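Report on the structure given below.
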Amino acid sequence: MNYRNFGKLDWKVSALGFGAMRLPIIGDDPTAVDTNLAIDMIRTGIDGGINYIDTAYPYHGGNSEVVVGKALQDGYRQRVHLATKMPSWLIKSQDDMTRYLDEQLHRLKTDHVDLYLLHGLTADRWHHLASVGVLDWAEARIRNGTVGCLGFSFHDTNTVFHEIVDAYDGWSFCQIQYNLLDELTQAGTEGLRYAASKGLAVVVMEPLRGGKLADSNPSVAKLWESSPTRRSPAEWALDWIWSHSEVSLLLSGMSTMAQVEQNLLYADASHPDMLSPDEVALVAQVRDAYNSLIRVPCTSCGYCMPCPQGVNIPAVFHLVNDGSMFGTIALQRDRYKAMRANNSSVDNCIQCGLCELACPQHIAIPQQLTACAAELC
């Protein structure tokens, strides 16, 4: 295992972290974690050099923290830096913060967490948490030893990211969505570099876009195969992230033992600047190839929402774009059936045009919705 600096803190972190959001499950119930297999996987990762385990209050309906707590018995807790997250959307007061942390410590079978994140910050969530004193609360928990250091995970614009980073000198780390398709999304490359310049460790989530980059459309696969260096699509995507010196580690949500074993091998070979200029150029070609498959140039900014008729406009466009980019249109049609069931599909559209007037991308939204519905039905 290769190790990297963790921001301004005085310890080294494994290049690969174990994300406990996609643990193996029994059947189709996401809360029914296959506990024995998950424990074996987590311990195999630790034995292979992983020293960063990431979970959160809602993962697997609360069972992720429970399973992680079991996996870290028998001496494994002392070998890792354990991260979990405050359920930001449930917090109304400092009493809530204390109650949820106490519950999480009980689930995790530990008296402290090494890293605590404010989960899924957006502008609204951040402003609310700040207004009810989350920073004072966190500093008190750091003083009493129940929290090692404070960070946040993030889902909003780069402008909001800068605001949050600059709002508090006590941040130790942040967690951002970042992959070869998301250089300009949310925090993006600029946010990655900015956080690192401020001394924050940067933890990368969704390095494979929820697993979508592990498989390629035939046109994308041909580009990967044109390289004299043989890598799987997943390895290309992970190596591109590891090649960024500002990245402290990437998290992989592993669901099988084979994924754990394969990712350990990838991490063993990882290092900053590991891709040659020609390989970086190839990744750019792949990115362009994926982007050329985007059907609707929607950025999910949300200016078209809420729709007066309840249509989830960005979600419809997302289904069609994902189906085109990743060759998963059958899966997207199943998801669209669920949208129809919950009354958020294009069936409700009355072609009022308010969404089109609000769209900063000047998309002809009513017409695009009609075309998307025809493809998804």
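The working numbering puts the sequence shown at residues 175 to 551. Ideal Cβ placement from N, Cα and C applies to all residues, glycine included. Keep in mind it's a predicted model, so treat the numbers as computed, not measured.
Residue environment, residue i, which counts as buried when at least 16 other CB atoms sit within 10 Å
i    : result
G527 : exposed
E239 : buried
C529 : buried
W185 : exposed
G219 : buried
S327 : buried
W416 : buried
D269 : exposed
A369 : buried
L531 : exposed
G365 : buried
N237 : buried
K386 : buried
Q541 : exposed
D202 : exposed
G181 : buried
N225 : buried
T403 : exposed
S371 : exposed
I350 : buried
I524 : exposed
A504 : exposed
A361 : buried
L354 : buried
D442 : exposed
C533 : buried
L358 : exposed
Proximal residues to residue i (C-beta, below 6 Å), its chain only, five neighbours per side dropped
i    : result
L425 : G191, G193, D228, M379
V334 : A297
Y428 : Sequence check: residue 428 is Met here, not Tyr. Counting only Cβ-Cβ distances below 6 Å, and skipping sequence neighbours, we find V434.
S419 : P446
T272 : none
A206 : I199, I200
I468 : N495
A489 : none
M499 : Y464, L467
L456 : S401
N179 : none
Coarse secondary structure for residue i, derived from DSSP in three states
i    : result
S327 : strand
R383 : coil
I415 : helix
R348 : In the sequence under discussion, the amino acid at residue 348 is Cys, which differs from the Arg named in the question. Reduced to three states, the DSSP call for C348 is strand.
A370 : helix
A206 : coil
G497 : helix
S474 : coil
S426 : strand
V377 : strand
V334 : helix
G362 : helix
V454 : helix
V460 : helix
L520 : Looking at the sequence shown, residue 520 is not Leu but Val. Helix, per DSSP.
V421 : coil
V490 : helix
V485 : coil
V306 : coil
8 Å CB neighbourhood of residue i in its chain, flanking five on each side removed
i    : result
Q506 : L493, V494, D496, G497, L550
D521 : R514, A547
Y290 : A257, T258, K259, M260, L275, A312, R315, V321, G322, C323, L324, G325
R509 : L493
P471 : Q535, I537
I265 : M271, Y274, H302, L303, V306, V308
Cutoff 7 Å: residue i Cβ touching any chain C Cβ
i    : result
H302 : Going by chain labels, chain C is absent from the structure shown, which holds only one protein chain.
Own chain partners of residue i with C-beta closer than 7 Å, once the 5 adjacent residues on each side are dropped
i    : result
G294 : S262, S327, H329
Q247 : K283
V342 : Note on identity: in this sequence residue 342 is Tyr, with Val being the wrong assignment. Within the same chain, Y342 has close Cβ partners L309.
A388 : L382, P407, A408
T502 : D496
G384 : none
H234 : L197, P204, T205, V207
Any non-hydrogen atom of the ligand SAH within 6 Å of residue i CB
i    : result
D413 : The ligand SAH is absent from the structure shown, which contains no ligand whatsoever.
Problem set entry | Touch test, the segment 454-463 against the segment 394-407, Cβ-Cβ under 8 Å, three pairs minimum | Cβ pair count under 8 Å is three or more, so yes.
Exercise. Which ranges does the beta strand (DSSP E) cover as unbroken runs of at least 3 residues, wholly within the segment 177-202, from first to last along the chain?
Worked result: For the segment 177-202, whole beta strand (DSSP E) runs of length 3 or above, ordered along the chain, are 177-179, 186-188, 190-193.
Exercise. Hey, is the segment 277-296 in contact with the segment 245-262, meaning 3+ C-beta pairs nearer than 8 Å?
Worked result: Yes, the segment 277-296 touches the segment 245-262.
Exercise. Does the segment 194-204 touch the segment 314-324, meaning 3 or more C-beta pairs lie closer than 8 Å?
Worked result: No, because fewer than three Cβ pairs between the segment 314-324 and the segment 194-204 fall closer than 8 Å, the two stretches do not touch.
For this session: Examine the Cβ distances between the segment 434-454 and the segment 380-399 and report whether three or more of them are shorter than 8 Å.
Result: The answer is no - the segment 380-399 does not touch the segment 434-454, with fewer than three Cβ pairs under 8 Å.
Problem set entry | Start-end ranges of the alpha helix (DSSP H) lying completely within the segment 218-303, minimum 4 residues | Within the segment 218-303, the runs of alpha helix (DSSP H) that reach at least 4 residues and sit entirely inside it are, in chain order, 237-245, 268-282.
Exercise. Counting pairs of beta carbons, one from the segment 447-456 and one from the segment 475-484, are three or more of them closer than 8 Å?
Worked result: These segments do not touch.
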